[in-house]
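Peer 1:
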Amino acid sequence: MRLQFACSSCGKNNLYTPKVPTRGDLHIKIGITEVQVNCQICGNRERKHLNTINAIVDYKIIGIGFVLGIIATLGLWNFYGAVSTASFFIPMLFWIQENNAVSGFNKYHIKRK
Ligand SMILES: [Zn+2]
């Protein structure tokens, strides 16, 4: 899962670097409902409400799942029945886990005062 925000000046999406599992955790970590962000593309600085920061699927994680699936496939090469299961299910589990994390983050909104 990656976090991103859209720059209101150029409209491009920027990576938001703190790694937190949910928006609630982000709120607790920062302690306030707005963060100062810096656009990497146009250099615009602005304040963003935490509710405008969104999670997206990190395809690098899915890629790791595929690599692990391949490794497991090679490791299980002598156990024919397990090969197709491992090479299919490991990336699937990563995919499901990523999607759960993303939807969990995006579903939770901090109450605006
Ligand atoms: Zn920008």
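Its first residue numbered 1444, the sequence shown is counted upward by one per residue in the working numbering. Even for Gly, the Cβ is constructed at its ideal location relative to N, Cα and C. A quick note: this is a predicted structure, and the numbers were derived from the prediction, not measured.
1. Note down the Cα distance separating R1488 from N1481, rounded to an integer number of angstroms.
2. Please identify the residue among I1475, G1474, K1503 and K1491 whose C-alpha is closest to the C-alpha of R1445.
3. What do you reckon, are the CB atoms on C1453 and I1484 nearer than 7 Å?
4. Say the cut is 6 Å; is the CB of N1481 nearer than that to a heavy atom of ligand 1?
5. As an exercise, report each continuous beta strand (DSSP E) stretch of at least 3 residues that is fully enclosed by the stretch 1505-1539, in chain order.
6. How about S1527 and G1512: are their beta carbons less than 7 Å apart?
7. Please tell me whether, using a cut-off of 6 Å, the distance from the CB of I1484 to the nearest non-hydrogen atom of ligand 1 is below it.
8. Could you give the DSSP three-state label for N1457: helix, strand or coil?
9. Per DSSP, what are the beta-bridge partners of A1498 in this structure?
10. CB-CB under 6 Å to V1478, same chain, minus the five flanking residues each way: which ones, in chain order?
11. Given this structure, state the Cα-to-Cα distance separating P1534 from L1519, to the nearest angstrom.
12. Taking the beta carbon of I1496 as the centre, do at least 16 other beta carbons fall within 10 Å, making it buried, or is it exposed?
Peer 2: The short version:
1. Taking the sequence shown and counting its residues from 1, one reaches residue 1488 at position 45. Taking the sequence shown and counting its residues from 1, one reaches residue 1481 at position 38. Each residue's CA atom was taken as its position, placing R1488 and N1481 some 5 Å apart.
2. Position 2 of the sequence shown, counted from the start, is the residue given in the question as residue 1445. Ranking I1475, G1474, K1503 and K1491 by Cα distance to R1445 puts K1503 first.
3. Residue 1453 sits at position 10 when you count from the first residue of the sequence shown. Residue 1484 sits at position 41 when you count from the first residue of the sequence shown. Between C1453 and I1484, the gap from beta carbon to beta carbon is short of 7 Å.
4. Counting from 1 along the sequence shown, the entry for residue 1481 is found at position 38. Not so, every heavy atom of ligand 1 lies at least 6 Å from the Cβ.
5. Runs of the beta strand (DSSP E) inside the stretch 1505-1539: none found.
6. Locating residue 1527 in the sequence shown gives position 84, counting from the first residue. Locating residue 1512 in the sequence shown gives position 69, counting from the first residue. Annotated as distal: S1527 and G1512, with beta-carbon spacing of 7 Å or more.
7. Start at 1 with the first residue of the sequence shown, and residue 1484 comes out as number 41. Yes; taking the cut-off as 6 Å, the Cβ of I1484 has a heavy atom of ligand 1 nearer than that.
8. To locate residue 1457, count along the sequence shown from 1; it is residue 14. Secondary structure at N1457: strand, using DSSP grouped into helix, strand and coil.
9. Within the sequence shown, the letter at position 55 stands for residue 1498. Beta-bridge pairing links A1498 to L1446.
10. Taking the sequence shown and counting its residues from 1, one reaches residue 1478 at position 35. Here the set comprises K1491.
11. Your numbering for residue 1534 matches position 91 in the sequence shown. Your numbering for residue 1519 matches position 76 in the sequence shown. Their backbone Cα atoms lie some 16 Å apart in a straight line.
12. The residue given as residue 1496 occupies position 53 in the sequence shown. By the 10 Å Cβ count, I1496 comes out buried.
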